[in-house]
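Each residue of the sequence shown is one higher than the one before, counting from 9 in my numbering. Here a beta-carbon is modelled for each residue, glycine too, at the ideal position from N, C-alpha and C.
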Amino acid sequence: MKNIGVLALQGAFKEHIDMIKSLGHNGIEIRKAEQLNHLDGMILPGGESTAMGKLLKDFGIKEVLKDKIKNGLPVWGTCAGMILLAKKLDGDEDAHLKVMDIEVRRNAYGTQLDSFATKETIEGVSEKEIPMVFIRAPYIVGMDEKVELLHKVDGNIVAVRQNNMIATSFHPELTDDATFHEYFINMIKEYK
């Protein structure tokens, strides 16, 4: 049984916790830096990336989390979580954790009204189609060759992996399909 933390300062953390528990693991709401000490993996959920970035700093979590990721803690960022992981943001805004060699465009698909869902097979993740929900989603506009492309939707990069880090533009936690959570848990096992 793995201890998987979910950043619980803002955003869709409860849905990730529920999905982790449904797979037989401990889902732990993370609100303090010291809670990062006994984790096997960490999820940065969807939400408002600017607010989450500020709260990471205000709660003293940012530098501790950054060090843990650099030292191999498996981490998965969904939507706003992808923005938090990126080394570079498209536009003027300063990046947050700056640990993943990607450049991300915030709200790339437009407003809340431009949100959409699709079903596709993600090679290396699933053999069947999985539902993907995009809500004011970012996508990746640039990436280093060290980053592995997992998936594109309509020509836009929406899922990548780099060593112990995964980033997705979409929200698997808002569906009843646990495939991507299982993929992340398997990645955690690889790193332990």
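**Message:** Can you tell me whether Glu153 is buried or exposed? The criterion is at least 16 other CB atoms within 10 Å of its CB, across all chains shown.
**Reply:** exposed
**Request:** Put Asp26 into one of helix, strand or coil per three-state DSSP.
**Result:** helix
**Asked** Would you report the Cα separation of Ala167 and Glu131, rounded to the nearest angstrom?
**Response** 11 Å
**Straight-line Cα distance separating Ala175 from Gly89** = 7 Å
**Request:** State the CB to CB distance for the pair Pro146 and Val112, rounded to an integer number of angstroms; the pair is presumed to be in contact (CB under 8 Å).
**Result:** 5 Å
**Three-state secondary structure assigned by DSSP to Lys70** = helix
**Request:** State the Cα-Cα distance for the pair Asn134 and Val14, rounded to the nearest angstrom.
**Result:** What sits at residue 134 in the sequence shown is Ser, not Asn. Approximately 23 Å between the Cα atoms of the pair.
**Message:** Between the alpha carbons of Thr86 and Glu42, how many angstroms are there, rounded?
**Reply:** 23 Å
**Message:** Whole angstroms are fine: how far does the CA of Leu92 sit from the CA of Asp26?
**Reply:** 22 Å
**Asked** Which same chain residues, not among the five before or five after Glu56, have their C-beta less than 8 Å away from its C-beta?
**Response** Gln18, Gly19, Ala88
**Prompt:** Is the CB-CB distance between Ile196 and Lys78 below 8 Å?
**Reply:** no
**Message:** Spatial neighbours of Leu158 within its chain, please: C-beta separation below 7 Å, excluding the five flanking residues on both sides.
**Reply:** Ile130, Gly132, Val133, Ala167, Val168, Arg169
**Request:** Can you say whether Ala59 is buried or exposed, counting buried as having 16 or more other CB atoms within 10 angstroms of its CB?
**Result:** exposed
**Request:** Can you give me the Cβ contacts of Leu31 inside the same chain, cut-off strictly under 8 Å, excluding the 5 residues immediately before and after it?
**Result:** Ala186, His189, Glu190, Ile193
**Message:** Taking the alpha helix (DSSP H) that His189 belongs to, which residues open and close that run?
**Reply:** 187 to 199
**Item:** Per DSSP, cross-strand counterpart(s) of Gly19
**Value:** According to DSSP, which records beta bridges pairwise, Gly19 is partnered with nothing at all.
**Request:** Quick one: give me the first and last residue of the alpha helix (DSSP H) that Met90 is part of.
**Result:** 88 to 93
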